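Be aware that the sequence shown starts at 336, since it is given in the numbering used here, and climbs by one per residue.
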Amino acid sequence: MPSFWRESPGQLDNHRSTESLPALADILIIGGGFAGASIVTHLLRHPSYQLSRPSTLILEARQVCSGATGRNGGHLKPDSYAGIATLAQRHGVKAAAEVADFESANLAAVTEFIRQEKIDCDFVVTWAVDVQFHEKHQNRLREGYESLVEAGVESTKATFCAPDHYAEQLSGVKGAKGMFSYTAGHIWPYKLIHHLFQEAILQGVNLQTNTPAISISRNNREDFLWSVDTPRGKVQAKKVILATNAYTSSLLPEYVDKIIPYRGTVAHIKTPGVPPFLPNTYSLRFSDWDFDYLIPRPDGSIIVGGGRQAYLKDMSQWYGNTDDSKPIDRTREYFDGYMQKHFHGWEDSGAYVSDIWTGIMGYSSDRLPRVGPIPNRQDMYIMAGFTGHGMPQVFLCAKGIAKMVLEGGSFKETGLPALFEESQERLDNPRNMVHEIHHAASSCAKL
Numbered sequence: 336m337p338s339f340w341r342e343s344p345g346q347l348d349n350h351r352s353t354e355s356l357p358a359l360a361d362i363l364i365i366g367g368g369f370a371g372a373s374i375v376t377h378l379l380r381h382p383s384y385q386l387s388r389p390s391t392l393i394l395e396a397r398q399v400c401s402g403a404t405g406r407n408g409g410h411l412k413p414d415s416y417a418g419i420a421t422l423a424q425r426h427g428v429k430a431a432a433e434v435a436d437f438e439s440a441n442l443a444a445v446t447e448f449i450r451q452e453k454i455d456c457d458f459v460v461t462w463a464v465d466v467q468f469h470e471k472h473q474n475r476l477r478e479g480y481e482s483l484v485e486a487g488v489e490s491t492k493a494t495f496c497a498p499d500h501y502a503e504q505l506s507g508v509k510g511a512k513g514m515f516s517y518t519a520g521h522i523w524p525y526k527l528i529h530h531l532f533q534e535a536i537l538q539g540v541n542l543q544t545n546t547p548a549i550s551i552s553r554n555n556r557e558d559f560l561w562s563v564d565t566p567r568g569k570v571q572a573k574k575v576i577l578a579t580n581a582y583t584s585s586l587l588p589e590y591v592d593k594i595i596p597y598r599g600t601v602a603h604i605k606t607p608g609v610p611p612f613l614p615n616t617y618s619l620r621f622s623d624w625d626f627d628y629l630i631p632r633p634d635g636s637i638i639v640g641g642g643r644q645a646y647l648k649d650m651s652q653w654y655g656n657t658d659d660s661k662p663i664d665r666t667r668e669y670f671d672g673y674m675q676k677h678f679h680g681w682e683d684s685g686a687y688v689s690d691i692w693t694g695i696m697g698y699s700s701d702r703l704p705r706v707g708p709i710p711n712r713q714d715m716y717i718m719a720g721f722t723g724h725g726m727p728q729v730f731l732c733a734k735g736i737a738k739m740v741l742e743g744g745s746f747k748e749t750g751l752p753a754l755f756e757e758s759q760e761r762l763d764n765p766r767n768m769v770h771e772i773h774h775a776a777s778s779c780a781k782l
């Protein structure tokens with residue numbers, strides 16, 4: 336089941352730089368999505384890489400960008416207040432502010448990179464409009480927002496909280512009880528990732544698609560520490576970077592119940608004629624756990640994801656589910672008539688679901704990305720567990736990973752948010768916040 340983004344195959348979809356799989360690699364990256372593409376991009380731009388020219392191999396289990404990145408909702412949307420306020424309650428304002436400002440910096444970094452490289456990927460910087468449908472929910476979010484503003488969190492200070500009585504008028508969303516807005520972007524993700532890999536190949540990186548890593552084992556040699564088995568043979572590597580997100584636990588047992596596959600859904604909505612104008616991106620929040628997210632395409636069509644009301648009670652539909660070959664039950668019906676139901680001016684648009692697809696996200700058990708050296712695995716690194724929020728985090732996380740891999744420095748020296756650092760303490764934590772989403776839905780969802 337292809338996504339809208341991947342309906343037209345790219346030149347690199349089934350690319351193999353060499354006919355045979357290399358037996359050795361100085362640096363092995365597992366994963367051909369946004370994470371893998373960003374890591375290799377920052378490796379290539381690091382001064383020490385240019386001097387030493389380590390052999391670099393990328394293994395992608397299927398086609399380039401065929402996983403979550405190539406199936407997402409097209410957002411590049413930093414969080415400046417909602418999840419950040421929750422982080423502040425759990426970990427303190429300083430740690431939460433690091434995350435908020437880091438995500439804003441990611442948006443700026445991706446914007447500048449696309450501009451400098453002149454990448455054709457339909458990238459648009461615009462306003463994000465977040466709408467709440469219940470006053471209690473809006474009040475709770477506003478309290479968190481105001482506490483962050485008072486604490487001086489720069490990204491939150493740049494966020495606008497509209498007067499509640501103007502929320503419906505300003506947003507154009509029927510029944511809106513509250514609204515926040517701030518700078519965000521949207522993008523054709525597959526085109527960006529395709530460009531990054533094209534540039535990497537031109538600089539000598541070896542990309543091998545349709546080559547899944549099956550297992551990882553430790554070698555009995557001091558230089559090439561790791562052996563990775565694939566259906567096409569074995570690769571021995573000095574350093575391994577896992578950019579495998581939802582599929583990490585299939586390679587490393589310590590990530591079972593730490594990075595959980597979460598099957599989500601996205602739809603493409605069209606109109607038979609000229610669609611009503613919708614300039615912003617949106618999140619429609621029905622509760623803390625139930626929300627949809629959408630972007631307008633340049634042709635006026637809509638990409639919308641979410642639909643949790645349709646499936647969240649049935650854990651088999653999403654929790655641990657890695658089948659992205661078919662839609663989730665009842666989601667097409669959920670999105671039929673969606674724009675007419677929620678947006679003023681769309682009542683007579685005839686908007687309908689043109690396509691619908693699924694994608695497998697990697698949800699971290701503590702809802703935070705897992706970045707850095709993997710405990711008790713020398714020269715092995717992880718950049719995964721982005722919990723459906725990787726687009727505003729991945730690019731600069733990859734810069735930090737590249738720095739650690741090439742310089743051998745510590746996580747702290749990268750400047751990445753402290754909460755993102757992988758640790759044995761996090762791996763030993765038994766709490767599973769992904770389960771808690773299901774419990775919340777089961778207690779209050781009306782299906």
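In this text, a Cβ means the ideal position worked out from N, Cα and C, and glycines have one as well. Just so we're clear, the structure is a prediction, and the values are computed from it rather than from any experiment.
Annotation for Met514: the continuous beta strand (DSSP E) segment containing it runs 513-521. When beta bridges are read from the DSSP output, Gly694 appears opposite Gly599. For Ser636, the three-state secondary structure derived from DSSP is coil. Under a 10 Å Cβ-count criterion, Pro708 is classified as buried, with 16 or more other Cβ atoms of the shown protein chains found around its own Cβ. The continuous beta strand (DSSP E) containing Lys573 extends over residues 568-577. With respect to the 9 Å criterion, Thr722 and Gly735 are not classified as neighbours on the basis of their beta carbons. Boundaries of the alpha helix (DSSP H) around Ala535: 524-537.
Asn407 sits buried, since 16 or more C-beta atoms from the chains shown fall within 10 Å of its C-beta. Under the three-state reduction of DSSP, Glu756 is assigned to strand. Taking C-alpha positions only, Phe746 is separated from Val729 by approximately 15 Å. Between Ala431 and Ala423, the beta carbon gap of about 4 Å places them in contact (Cβ cut-off 8 Å). Counting along the chain, the unbroken beta strand (DSSP E) around Leu394 starts and ends at 391-394. Looking at His773, Thr391, Glu433, Ser684, the one whose alpha-carbon comes closest to that of Val609 is Ser684. Arg388 sits exposed, since fewer than 16 C-beta atoms from the chains shown fall within 10 Å of its C-beta. Proximity to Leu731 across Ala686, Gly409, Ser660, Glu433 peaks at Glu433, based on C-alpha coordinates. The three-state reading of DSSP puts Leu629 in strand, counting E and B together.
Using a Cβ-Cβ distance cut-off of 8 Å, the segment 589-599 and the segment 619-627 are not in contact, since fewer than three pairs of beta carbons, one from each stretch, lie closer than that value. Excluding its 5 nearest sequence neighbours in each direction, Trp462 has C-beta neighbours in its own chain below 6 Å: Ser516, Asn615, listed in chain order.
Annotation: the continuous beta strand (DSSP E) that includes Val459 extends over 459-467. Below 8 Å, too few C-beta pairs join the segment 579-586 and the segment 637-646 to call them touching: fewer than three. If you draw a straight line from the Cα of Leu411 to the Cα of Val563, it is about 33 Å long. Within the same chain, Val563, Asp564, Leu586 come within 8 Å of Ser550 by CB-CB distance, once the 5 residues on both sides are set aside. Residues Arg553, Asn554, Lys573, Gln713, Asp714 of the same chain have their beta carbon placed closer than 7 Å to that of Leu560, with the five preceding and five following residues left out of the count. Cβ atoms of Val740 and Ile528 stay farther apart than 8 Å, at about 20 Å. Pairing Ser338 with Glu557, the inter-Cα distance amounts to about 44 Å. Val688 counts as buried, since at least 16 other C-beta atoms from the protein chains shown sit within 10 angstroms of its C-beta. Bridge partners of Leu411 according to DSSP: Gly520.
When Cβ pairs closer than 8 Å are counted between the two stretches, the segment 476-488 is seen not to touch the segment 369-385, the count staying below three. The segment 693-706 makes contact with the segment 755-767; the number of CB pairs closer than 8 Å reaches 3 or more.
For Thr657, the closest C-alpha among the options Thr579, Leu537, Tyr525, Ala776 is that of Thr579. Rounded to the nearest whole angstrom, the CA to CA distance from Thr494 to Ala686 is 31 Å.
Beta-bridge annotation (DSSP): Phe678 is paired with Val508.
Non-local beta-carbon contacts of Thr600 in its own chain, meaning distances under 6 Å to residues more than five positions away in sequence, involve Gly642, Ile663, Thr666, Thr693 in chain order. Non-local C-beta neighbours of Ile691 in its own chain, meaning closer than 8 Å and more than five positions away in sequence, comprise Thr600, Val601, Ala602, His603, Pro662, Thr666, Arg667, Phe670, ordered along the chain. With respect to the 9 Å criterion, Asn441 and Pro727 are classified as neighbours on the basis of their beta carbons.
For Tyr525, same chain residues with a beta-carbon under 6 Å away, outside a window of 5 residues either side, are Trp340, Arg341, Cys400, Gly405 in chain order.
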